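Each residue of the sequence shown is one higher than the one before, counting from 500 in the numbering used here. Every residue, glycine too, gets a C-beta built ideally from N, C-alpha and C. Just so it is clear, the structure is predicted and the values come from calculations on it, not from any experiment.
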Amino acid sequence: MVKKKIIVFTSGTWDLFHSGHLNVLKKSKAMGDILIVGVSTNKLIKTYKGTNSVLNYNQRVAIIKELRCVDKVVKQTDIFDIEQFQKLKANIYVIGDDWKGKENSVSGLKWLKENGYLRYVPYTKGLSSSLIKEKIIRHAVEIIKSQVKR
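Quick look at the structure:
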């Protein structure tokens, strides 16, 4: 008897790629046989973050495609897109545990939880693209001075 492969799906912005992103992807892959990763379009990011990503869509896709733990990359045009999840025949939808308690705020997320597809991975404490951006802003003068010296 052939064992059915477990398909895991996760998605995100993946901007300013860092080890926290890698942790999510490696832990997601460990939950199944095939890892499909959705990369948010620039337009989607603008709608839910209110700002643009630093890296554009194609740059972010190029990074994700090169990772050993990733089997397939797909375009994400809607956050927690149930139709896409079902078309991919995924068995598990993985998100960071920073989403815990927010499941009722987004319809797709609520559906995933209610139907038993949702799994959480620990959010990497003290590391996020937002924190990296804040650090760059705090050190902007130093960064500018070092660039001028080059």
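{"Item": "Whole angstroms are fine: how far does the CA of Lys-648 sit from the CA of Ser-527?", "Value": "43 Å"}
{"Item": "Looking at the ligand MG, does it come within less than 7 Å of Lys-644, judged from the CB to the closest heavy atom?", "Value": "The ligand MG is not part of this structure, which contains no ligands at all."}
{"Item": "Within the same chain, show all residues whose beta-carbon is closer than 8 Å to that of Lys-548, passing over the 5 residues directly before and after it, in chain order.", "Value": "Thr-512"}
{"Item": "Check whether the Cβ atoms of Thr-509 and Val-538 sit closer than 8 Å, and answer yes or no.", "Value": "no"}
{"Item": "CA-CA distance, Leu-611 and Lys-632?", "Value": "31 Å"}
{"Item": "Between Lys-504 and the rest of its own chain, which residues show a CB-CB distance below 7 Å, the 5 nearest in sequence each way excluded?", "Value": "Asp-532, Ile-533"}
{"Item": "Buried or exposed, going by whether 16 or more other CB atoms sit within 10 Å of the CB of Gln-575?", "Value": "buried"}
{"Item": "Can you tell me where the alpha helix (DSSP H) with Val-501 in it begins and where it stops?", "Value": "Where Val-501 is concerned, there is no enclosing alpha helix (DSSP H), given that its DSSP letter is neither H nor E."}
{"Item": "What does DSSP give as the partner residues of Ser-539 in its beta bridges?", "Value": "Gln-575"}
{"Item": "Could you please give me the residues that DSSP links to Thr-487 through a beta bridge?", "Value": "This structure gives no information on residue 487, because the portion of the chain shown stretches from 500 to 649."}
{"Item": "What separation, rounded to the nearest whole angstrom, lies between the Cα atoms of Asn-557 and Leu-515?", "Value": "13 Å"}
{"Item": "If you draw a straight line from the alpha carbon of Trp-598 to that of Asn-590, how long is it in whole angstroms?", "Value": "19 Å"}
{"Item": "Identify which residue in Val-507, Lys-502, Val-501 has its Cα closest to the Cα of Tyr-616.", "Value": "Val-507"}
{"Item": "Mind reading off the beta-carbon distance from Ile-635 to Ile-642? Whole number of angstroms is fine, and I expect it under 8 Å.", "Value": "7 Å"}
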